[in-house]
Amino acid sequence: MRKPLLAIYKKLYRQFGPQKWWPADSPFEVIVGAILTQNTAWANVEKAIKNLKQNKLLSLKTLSDTKPSRIARLIKPSGYYNLKTGRIKNFLDCLNDRFEGDLNKLLKQKTGDLRKILLGIKGVGPETADSILLYAANKPIFVIDAYTKRILSRHGIIKKDSDYNDLQYLFMSNLPKDEKLYNEYHALLVRVGKEFCKKKPECRLCPLGGPDGKPDLNFC
DNA sequence: CACCAGGCAAGTA
DNA sequence: TACTTGCATGGT
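Per the working numbering, the very first residue in the first sequence carries number -2; after that it's consecutive.
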């Protein structure tokens, strides 16, 4: 199984090149973006991020001192704005109360410890926690999302009822433990998912798809 | 008009 | 454990 996953990666990288993830200016922005993008199109998240930036609120100190109602108004374009305001506040509370408001102190925790801390924040689930681990803390953790599951399922690589942990274990036990590889691979899967695997189950245009629907690694 | 997007938590049986 | 529902805007 090591070879197929690496072969798929190489194929995608050859076709699409580096994706430059995560699109953010700072680890703090990665974390806020990770919460805002929950079940939400990235284009809408960008509007919310821009609003926060224009109001100088994309920092721990300024955002901590901002009333929830104002945050909610500014992040409105990203949807679920009341919910997400609370989730961002939950993260800020954790950082301020347990890590003296020092983001580096939080991000330098051991990978396993950090994952548990993040999952303990209400509103931070496995994908959000792992996105923060990989793209803000640069830890070698593979991020699983709906596209990853859909693509692998349609190509017959996994069973439909595989859960988050099954998928993460599949990638991490069959690929070298390389933060740069995990970073690029997840970004490429999202790219392919957005571009080819939206509706049609056949996925005929997907660059991974051979005539039988399974990955055609000799294609291209 | 309907459907979907880089999820998560709470409620029900 | 295994479903179901609420959360909400903006693009196609």
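Note that CB positions come from ideal geometry on N, CA and C, so glycine has one too. Since this is a predicted model, take the numbers as computed values, not measurements.
In the same chain as Lys58, and ignoring 5 residues on each side of it, no C-beta atom comes closer than 6 Å to its own. For the options Asp127, Ile148 and His152, the alpha carbon positioned closest to that of Met169 is the one of Asp127. Around the C-beta of Asn36, fewer than 16 other C-beta atoms lie within 10 Å, and the residue is accordingly described as exposed. The C-alpha of Lys44 lies about 9 Å from the C-alpha of Lys73.
Here the alpha carbon of Glu192 sits roughly 11 Å from the alpha carbon of Tyr144. In the three-state reduction of the DSSP assignment, Asp90 falls in the helix class. A buried status is given to Glu124, since no fewer than 16 other beta-carbon atoms sit within 10 Å of its beta-carbon. For the 9 Å CB-CB criterion, Val29 and Ile85 form a contact.
With a threshold of 16 other beta carbon atoms within 10 Å, Asn171 falls short and is exposed. C-alpha of Lys157 to C-alpha of Tyr166: approximately 16 Å in a straight line.
Ranking Trp19, Leu80 and Ser159 by CA distance to the CA of Arg147 puts Ser159 first.
Apart from the 5 residues on each side of it in sequence, Leu92 sits with its Cβ closer than 7 Å to the Cβ of Leu57, Gly98, Leu100 and Leu103 in its chain, given in chain order.
At a cut-off of 4 residues, the continuous stretches assigned as alpha helix (DSSP H) that sit fully inside the stretch 78 to 144 are 78 to 95, 100 to 104, 108 to 116 and 123 to 132.
The criterion of a C-beta distance shorter than 9 Å is not satisfied by Arg70 and Tyr77.
Within the model, the alpha-carbon separation for Leu3 versus Ile155 is close to 16 Å.
Approximately 11 Å separates the beta-carbon atoms of Leu111 and Leu131; this is outside 8 Å, ruling out the contact. Distance between Pro15 and Arg188, taken at the CA atoms: about 11 Å. Counted as a single uninterrupted DSSP element, the alpha helix (DSSP H) harbouring Pro65 occupies residues Pro65 to Leu71. One thing to note: Gly120 has its Cβ within 9 Å of the Cβ of Lys81.
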